[in-house]
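>
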Amino acid sequence: LVGAGLLALPTGCVPLKRTPEARFFVLRSLVEPPQQPPADQPTGGLVGVLPVLLPGYLDRPQLVTRRAPDELRIDEVLRWAEPLAVGITRPLAETLDTLLGDPRVIRAPWPSSAKLRWRVRVHLRQFGPQQDGEVRLEGRWAIQADAGELPLVARNVGLRRGPFGGAAQAMDAGAGVEAMSQLLADLAREIA
4 LVGAGLLALP
14 TGCVPLKRTP
24 EARFFVLRSL
34 VEPPQQPPAD
44 QPTGGLVGVL
54 PVLLPGYLDR
64 PQLVTRRAPD
74 ELRIDEVLRW
84 AEPLAVGITR
94 PLAETLDTLL
104 GDPRVIRAPW
114 PSSAKLRWRV
124 RVHLRQFGPQ
134 QDGEVRLEGR
144 WAIQADAGEL
154 PLVARNVGLR
164 RGPFGGAAQA
174 MDAGAGVEAM
184 SQLLADLARE
194 IA
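For the sequence shown, the numbering used here assigns the number 4 to the initial residue and increments by one for each residue that follows.
1. Using 8 angstroms as the Cβ pair cut-off and three pairs as the minimum, do the stretch 70-87 and the stretch 136-153 touch?
2. If I measure Cβ to Cβ from A195 and keep anything under 7 angstroms in the same chain, skipping five residues before and after, which residues do I get?
3. Can you name, in chain order, every residue of its own chain whose Cβ lies under 8 angstroms from the Cβ of L30, other than the five neighbours on each side?
4. Label G177 either buried or exposed according to how many other C-beta atoms from any shown protein chain fall within 10 Å of its C-beta, with 16 as the threshold for buried.
5. Assign V156 to buried or exposed, taking buried as 16 or more other Cβ atoms, counted over all protein chains shown, within 10 Å of its Cβ.
6. Need the endpoints of the beta strand (DSSP E) that D78 sits in, please.
7. Which of helix, strand or coil does DSSP assign to L153?
8. At the level of alpha carbons, what is the spacing between R76 and P64?
9. From L153 to Q147, what distance separates their C-alpha atoms?
10. Specify the secondary structure class of E24 as computed by DSSP and reduced to three states.
11. Should V123 and V34 be called a contact, given that it needs their Cβ atoms to be closer than 7 angstroms?
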């Protein structure tokens, strides 16, 4: 009788706390095909997009928000549905393919039989929401001939969207990811 009473007591005192459900995000291509390709655009061949290079702090499954110049917020419930480098390279290549039309754009790894005309290399230093409510993409891109490591064209890039809410108000993660997709479209336009 005493044992049964002790077993009944703890079950009524255990608080049940529900953990937040994880949200998964993907970046996407947002560019519509142009009506007509630009007259000065070269045609033919393939353009290969190399995997985007990221700093280690961004190369993780969680969304990263910069809270201060030297402080990051890594949210355990806001996650990328694919590795971020892949998630950036995919829509970047899709957007370039839409913008260029001909030449066709493919992503690495490509078959050894592919006859590339150019390779696109992107190295991002910063990509994502910032403490001031802006979303930023900063880094460098280069276009290389298929046979060679020296770039034919290389440019620093610094693109921004927002601000979304400002420092005092937290940005919705969905709005931040949408702005990141828009920045990738802006980057593709610049490269094209």
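Where is the CB? At the ideal position from N, CA and C, for every residue including glycine.
Note that the structure is a prediction, hence the values are computed from the model and not measured.
With the structure as the only source:
1. The stretch 70-87 is not in contact with the stretch 136-153.
2. Excluding sequence neighbours, A195 sits near L99, L102, L103.
3. Excluding five sequence positions before and after L30, the CB atoms of its chain that fall closer than 8 angstroms to its own CB belong to G90, I91, R93, P94, V180, M183, S184, L187, given in chain order.
4. Exposed, since its Cβ has fewer than 16 Cβ neighbours within 10 Å.
5. When all chains shown are included, V156 counts as exposed.
6. Note, D78: beta strand (DSSP E), 74-83.
7. Three-state result, L153: coil.
8. If I take the Cα positions, the gap works out to 13 angstroms.
9. Straight through space, the alpha carbons of Q147 and L153 are spaced by roughly 6 angstroms.
10. Judged by DSSP in its simplified three-state form, E24 adopts coil rather than helix or strand.
11. Contact: no.
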